[in-house]
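Colleague:
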Amino acid sequence: MLARTGEWVDGPRAVLKMNHEDGGFDCPGCAWPDDYKGLHLDICENGIKHVTWEMTGKRVGREFFAAHTVTELSGWSDHALEDQGRLTEPMVYDPVSDRYVPIDWQQAFELIGGELRGLDDPNRAAFYTSGRLGNEATFLYQLMARELGTNNLPDCSNMCHEASGRALTASLGTGKGTVDLKDWEAADALFILGVNAASNAPRMLTALADAHRRGAQVVHVNPLVEAAATRTIVPHEFANMALMRATATSTLNLQVRIGGDLALLRAIAKALLEQAAHDPRALDEEFIERHTEGFAAYRELCERTPWEELERQSGLSRAQLLAAARVYREADRSIFSWCLGVTQHEHGVDTVREIVNVLLLRGNLGREGAGPSPVRGHSNVQGNRTCGIDHRPSAAFLDRLAKVCGIEPPREPGLDTVGVIGAMARGEVSVFVGMGGNFALAAPDTEFTYRALRACELTVQVSTKLNRSHLVHGRRALILPCLGRTEQDRQRGGVQATSVEDSMSMVHLSVGMRKRPASAQLLSEPAIIAGIARAALPDSATPWEWYVEDYDRIRDTMAKVLDGFEDFNRRVRLPLGFRIKQPARELVFLTPSGKAEFSSAPLPDVLPPPGTLVLGTMRSHDQWNTTIYSDDDRYRGVKNLRTLVFMNRQDMRERGLAEFDPVDITATARDGSTRSLHGYLAVPYDLPRGCAAGYMPEMNVLCALGDHSSQSDQPIMKHLNVVIAPAARPGAEPAAAVSPGATTP
210 MLARTGEWVD GPRAVLKMNH EDGGFDCPGC AWPDDYKGLH LDICENGIKH
260 VTWEMTGKRV GREFFAAHTV TELSGWSDHA LEDQGRLTEP MVYDPVSDRY
310 VPIDWQQAFE LIGGELRGLD DPNRAAFYTS GRLGNEATFL YQLMARELGT
360 NNLPDCSNMC HEASGRALTA SLGTGKGTVD LKDWEAADAL FILGVNAASN
410 APRMLTALAD AHRRGAQVVH VNPLVEAAAT RTIVPHEFAN MALMRATATS
460 TLNLQVRIGG DLALLRAIAK ALLEQAAHDP RALDEEFIER HTEGFAAYRE
510 LCERTPWEEL ERQSGLSRAQ LLAAARVYRE ADRSIFSWCL GVTQHEHGVD
560 TVREIVNVLL LRGNLGREGA GPSPVRGHSN VQGNRTCGID HRPSAAFLDR
610 LAKVCGIEPP REPGLDTVGV IGAMARGEVS VFVGMGGNFA LAAPDTEFTY
660 RALRACELTV QVSTKLNRSH LVHGRRALIL PCLGRTEQDR QRGGVQATSV
710 EDSMSMVHLS VGMRKRPASA QLLSEPAIIA GIARAALPDS ATPWEWYVED
760 YDRIRDTMAK VLDGFEDFNR RVRLPLGFRI KQPARELVFL TPSGKAEFSS
810 APLPDVLPPP GTLVLGTMRS HDQWNTTIYS DDDRYRGVKN LRTLVFMNRQ
860 DMRERGLAEF DPVDITATAR DGSTRSLHGY LAVPYDLPRG CAAGYMPEMN
910 VLCALGDHSS QSDQPIMKHL NVVIAPAARP GAEPAAAVSP GATTP
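Residue numbers for the sequence shown, in my numbering: 210 to 954.
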């Protein structure tokens, strides 16, 4: 990647500064915690890609837009769009020329402000954020939206870990995991569910390799046995890197069928309960009695669930299920970690609650080396939620915000991501502001999302690089370029630091290293938000400009509003920052019963209807979310190809398919409409029967907007029932199609 971007000086400097407490910046990739032992190379391949991709010397300014219409650019690949380089100045869409043309910052702010002031209802605006936004900007963003009068604050969590937050809140009274990095080092067993660590949280591989070396059991649960689920080369182990010597990262791999995780977990519980009849150590009965509620009902549920059904729904043999239970039974301290392979299902909340059930059975909570540990796949997505990006804010949070900031925030819930897309399509939301990310590609039901965005009066995208969301725009549209993580944020009060929260609730500072940003016209995200707020709320008493002069002032206000942020400015400057207190870690459960709650959800039927397969979407190796660095996937042996579907060999034979045969993939939505991809290539892979997989965002088109979980409202991108058949037109270019008259709520 250094060679690709030509950053031979600043690139290596950035690698040495990334994820370090001594004036370093936070990796813009995953949310894995920084190593508390002070490693000098706490990096991964993906982190280097993210940083050098941002530090490219290529620029996208007025000359580029003058040379290319939006219609022309719409035909470019997503890789080609981002590969043009960094955006350099604010641009506004000109419908006459079909081009973006320059606009100065004040005019851009006034355009947005005028549109927002003219709304007859503030709920006709929506304010989206991806996980890259720092905590200070996040707090200002939600403050602006709520002062305007709306809780329409959709975010990428609505599509990723909403199920985790709702499940953990219901079971434990807190929406976050309870463990930290030291717990990972003390665990006797690690269960990793629905995660491809190599592409989702690569620095996790260090913890997995260390665990294996010290004799801990590492169990990977995933339909695909991914490359890093067996062995890895840890980046800062120089001798091993030089010799290309890999370290084992697993002791057991279980290829559960897509959606079968809950059945596996219930099988572990059933085995423990049966063993407890003759081995009192199988359960922690004292913990269950003192700290939990609902155990009797859960025990009865497990006892009446037949082993044959657990085998059928999990796709695993009874021997495999008992092997997993044995690992858990023999470990004194266990951690369960999971990601989107668990949450992006209809029953995602139930599955996460089942994880907690299994932890509670052996008292694996509130002690070192044990507990639930959801893996966030994007830097600071957890911090966004902590600092107020929530369409369903609590009354307590709104009360504090009102008292400290002197505003009257709206009390009714706002719209999440799925709700906003539907509202835009119906004309009920006419202004969309995207703070980072690539909403048009990240969202489900691609063609419908495109139509929804194009129905808006105004779309605003705050970005570092050109992407698809700039080309799928409203009647009026703005591109507002912002600073990147690597660049110094210099305000009137000097160089500013922003804070981020990792997936284990550690909050720390990030300071850009590059003194010269990609363009002198770039603004920081807090400055952009303040500019919009002042234009939209000209009579606001909020000191927007004063906040931007010195981010310590924002943090002082945050300390008064946010639980756990007391004495924010001092504590965030401590080595590695500070950890937000998690009550459940101290066995304090903010649930109705005051105890941890067992759930007794029915076992879902996850088998596909006859003739169909269950398809799950995923990233390739050379990709981060919607950013595609190349068409290669080294982890799965694929080169120069993304329009493919991985299939079980026997499923291919039943359909008369050979390797690389073109196929049509059709998903039928709950409303009966169909969405298809044509001309994709079938690639045999080690997958359970009845399962298939392919890359997002290309396959997002198959997930109808109405196909979202009734438990979490998350799109079910990991559980799409599809028909795969030989292509009707074998020589045709890959394409997408939606059935005529398809309707989506």
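Here a beta-carbon is modelled for each residue, glycine too, at the ideal position from N, C-alpha and C.
In the DSSP assignment, the alpha helix (DSSP H) including Ile933 goes from what residue to what residue?
Modeller: No alpha helix (DSSP H) holds Ile933; the beta strand (DSSP E) holding it covers Leu929 to Pro935.
Colleague: Alpha carbon to alpha carbon, how far is Ser639 from His500?
Modeller: Straight-line Cα distance between these residues: approximately 49 Å.
Colleague: State buried or exposed for Lys848, treating a residue as buried only when at least 16 other CB atoms are found within 10 Å of its CB.
Modeller: Classification for Lys848: exposed.
Colleague: Which class does Trp955 belong to by DSSP, given the choice of helix, strand or coil?
Modeller: Outside the shown range of the chain (210 to 954) lies residue 955, about which nothing can therefore be said.
Colleague: From what residue to what residue does the beta strand (DSSP E) around Met644 run?
Modeller: Segment Val640 to Met644, the beta strand (DSSP E) holding Met644.
Colleague: For Leu377, which option in Trp314, Asp330, Ser546 and Leu771 has the closest C-alpha, if you only look at C-alpha atoms?
Modeller: Minimum Cα distance to Leu377 is reached at Ser546.
Colleague: If you draw a straight line from the C-alpha of Asn431 to the C-alpha of Leu667, how long is it?
Modeller: Near 42 Å, if we compare the C-alpha coordinates of Leu667 and Asn431.
Colleague: Can at least three beta-carbon pairs, one atom from the stretch 932-940 and one from the stretch 867-874, be found at a separation below 8 Å?
Modeller: Touching, yes.
Colleague: Within 10 angstroms of its Cβ, does Ala652 collect 16 or more other Cβ (buried), or is it exposed?
Modeller: With 16 or more Cβ atoms within 10 Å of its Cβ, Ala652 is classed as buried.
Colleague: When the Cα atoms are used, what is the spatial distance from Ala944 to Tyr889?
Modeller: Their backbone Cα atoms lie some 8 Å apart in a straight line.
Colleague: Suppose the cutoff is 7 Å on Cβ atoms and the five residues either side in sequence are ignored; what does the same chain contact list for His600 look like?
Modeller: Counting only Cβ-Cβ distances below 7 Å, and skipping sequence neighbours, we find Asn360, Asn361, Leu362, Pro363, Pro622, Gly623, Leu624 and Asp625.
Colleague: Thinking just about the alpha-carbon of each residue, which of Thr883, Ser921, Leu399 and Gln293 is nearest to the one in Val955?
Modeller: No answer is possible for residue 955: the residues shown for the chain start at 210 and end at 954.
Colleague: List the whole-angstrom C-beta distance separating Arg576 from Arg542, where the pair is believed to meet the contact cut-off of C-beta under 8 Å.
Modeller: The pair is a contact, with the Cβ atoms about 7 Å apart (cut-off 8 Å).
Colleague: Count the other CB atoms, across all protein chains shown, that sit within 10 Å of the CB of Thr439; report buried if there are 16 or more and exposed otherwise.
Modeller: By the neighbour-count rule (16 or more Cβ atoms within 10 Å), Thr439 is not buried but exposed.
Colleague: Tell me the DSSP secondary structure of Met905 in three-state form.
Modeller: Three-state DSSP puts Met905 in coil, outside helix and strand.
Colleague: Hey, would you say Pro735 sits closer than 8 Å to Val757, going by beta carbons?
Modeller: Yes, these two residues count as a Cβ contact at 8 Å.
Colleague: Assuming Ala533 and Ile477 make a contact with CB atoms under 8 Å, what is their CB distance in whole Å?
Modeller: Going by Cβ atoms, the distance from Ala533 to Ile477 rounds to 6 Å, so yes, they are a contact pair.
Colleague: Quick check: Leu816 and Gly702, are their CB atoms within less than 8 Å of each other?
Modeller: Cβ atoms of Leu816 and Gly702: not closer than 8 Å.
Colleague: Within this structure, are the beta carbons of Thr460 and Leu417 separated by less than 8 Å?
Modeller: No, they are not a contact pair.
Colleague: Anyone know if the C-beta pair for Leu399 and Ile544 falls short of 8 Å?
Modeller: Cβ atoms of Leu399 and Ile544: closer than 8 Å.
Colleague: Measuring only the C-alpha atoms, how far is Asn810 from Leu866?
Modeller: Position check: residue 810 holds Ala in this sequence, whereas Asn was assumed. In a straight line, the C-alpha of Ala810 is about 39 Å away from that of Leu866.
Colleague: Three Cβ pairs or more, each shorter than 8 Å: is that satisfied between the stretch 286-293 and the stretch 836-851?
Modeller: A contact exists between the stretch 286-293 and the stretch 836-851.
Colleague: Helix, strand or coil, according to DSSP, for Cys365 in the structure here?
Modeller: In this structure, Cys365 counts as helix in the three-state DSSP scheme.
Colleague: With a threshold of 16 other CB atoms inside 10 Å of the CB of Pro242, please say whether the residue is buried or exposed.
Modeller: So Pro242 ends up on the buried side.
Colleague: So the candidates are Arg851, Gly915, Lys674 and Arg845; which of them puts its Cα closest to the Cα of Gly294?
Modeller: Answer by Cα proximity: Lys674.
Colleague: If you count every other CB in all the chains shown that lies within 10 Å of the CB of Pro924, and 16 or more means buried, which is it?
Modeller: With 16 or more other Cβ atoms within 10 Å, it is buried.
Colleague: Please list the terminal residues of the continuous alpha helix (DSSP H) segment that includes Val590.
Modeller: Element bounds for Val590: Val590 to Thr595.
Colleague: Does DSSP put Phe447 in a helix, in a strand, or in coil?
Modeller: Residue placement at Phe447 is poorly supported in this model, since its pLDDT is 46, which falls under 50; the coordinates still yield a value, given next. If DSSP states are grouped into helix, strand and coil, Phe447 belongs with the helices.
Colleague: Three-state secondary structure (DSSP) at Leu731?
Modeller: Residue state, collapsed to three classes: coil.
Colleague: Excluding five sequence neighbours on each side, which residues of the same chain lie with their C-beta closer than 6 Å to the C-beta of Arg571?
Modeller: Excluding positions up to five away in sequence, the list reads Asp493.
Colleague: Can you tell me the Cα-Cα spacing of Asn462 and Leu886, whole angstroms?
Modeller: When rounded, the distance between both Cα atoms is 31 Å.
Colleague: For Asn332, name the three-state secondary structure that DSSP assigns.
Modeller: It is helical.
Colleague: Less than 8 Å between the CB atoms is what I'm expecting for Leu662 and Met633, so what's the real figure, rounded?
Modeller: Leu662 to Met633, Cβ: 6 Å. Contact.
Colleague: Of the choices Ile741, Ala480 and Thr852, whose alpha-carbon is the least far from that of Met905?
Modeller: Looking at the Cα atoms, Thr852 is the closest of the given residues.
Colleague: According to DSSP, simplified to helix, strand and coil, what is Tyr838?
Modeller: Coil.
Colleague: Using the C-alpha atoms, what's the distance from Ala335 back to Pro893?
Modeller: Cα to Cα, Pro893 sits roughly 42 Å from Ala335.
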